[in-house]
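K.L.:
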Amino acid sequence: MTSSGSGRCVMECPVLPLHMSPAERVHGGVFFTILDTAMGRAVISKLPEGRGCATLEAKINYFRPVQTGHLRAEANVLTMTRRTAFVESTLTDQQDRVVCRASATFMLTETLTQTERERV
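For the sequence shown, my numbering assigns the number 1275 to the initial residue and increments by one for each residue that follows.
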């Protein structure tokens, strides 16, 4: 994470061999993991200390493959209510080209971690 605050988060990640699919490009799950993490951190940056969030639903669109370099994710909270937040994010490659975009709805939680009872 390179920056976080006021409903925004920026994360960067080098492309490593362990990120590759059998097709020798970064696996789409890696892209989604980075974006989901950045979006969650953006939400948490707007919450009081100790509160948390959980992804309720998410959508991702993939635009181009990546094989080398580094990735940069930017996430911004667009709207937040007492119980949910809606976030959009963009992942770019080393040449600042859009690789994929995602949006998600997050449930806001009273604590950063939840007991089993709170999850039901």
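Using N, Cα and C, we set each Cβ at its ideal position, and we do this for glycine too.
Just the Cα atoms here: how many angstroms apart are leucine 1382 and cysteine 1327?
P.N.:
4 angstroms
K.L.:
Would you decide whether aspartate 1370 is buried or exposed? Buried here means 16 or more other CB atoms lie within 10 Å of its CB.
P.N.:
Exposed, because fewer than 16 other Cβ atoms sit within 10 Å of the Cβ of aspartate 1370.
K.L.:
Roughly how many angstroms lie between the CA atoms of threonine 1372 and arginine 1338, to the nearest whole one?
P.N.:
Just to set this straight, residue 1372 is valine in the shown sequence, not threonine. Between valine 1372 and arginine 1338, the C-alpha separation is close to 8 angstroms.
K.L.:
Taking the straight line between their C-alpha atoms, what separation do you get for alanine 1316 and glutamate 1384?
P.N.:
17 angstroms
K.L.:
Which ranges does the alpha helix (DSSP H) cover as unbroken runs of at least 4 residues, wholly within the region 1292 to 1334, from first to last along the chain?
P.N.:
1302 to 1318
K.L.:
When the Cα of phenylalanine 1380 is compared with those of Gln1388, Val1351, Ile1334, which residue comes out closest?
P.N.:
Val1351
K.L.:
Which of the three DSSP states is assigned to threonine 1355 in this structure?
P.N.:
coil
K.L.:
So, at 6 angstroms on beta carbons, what are the nonlocal neighbours of alanine 1359 in its own chain, with the 5 sequence-adjacent residues on each side left out?
P.N.:
Its chain contains Val1317, Val1351, Phe1380 as the residues whose beta carbon lies nearer than 6 angstroms to that of alanine 1359, once the 5 sequence neighbours on both sides are disregarded; these appear in chain order.
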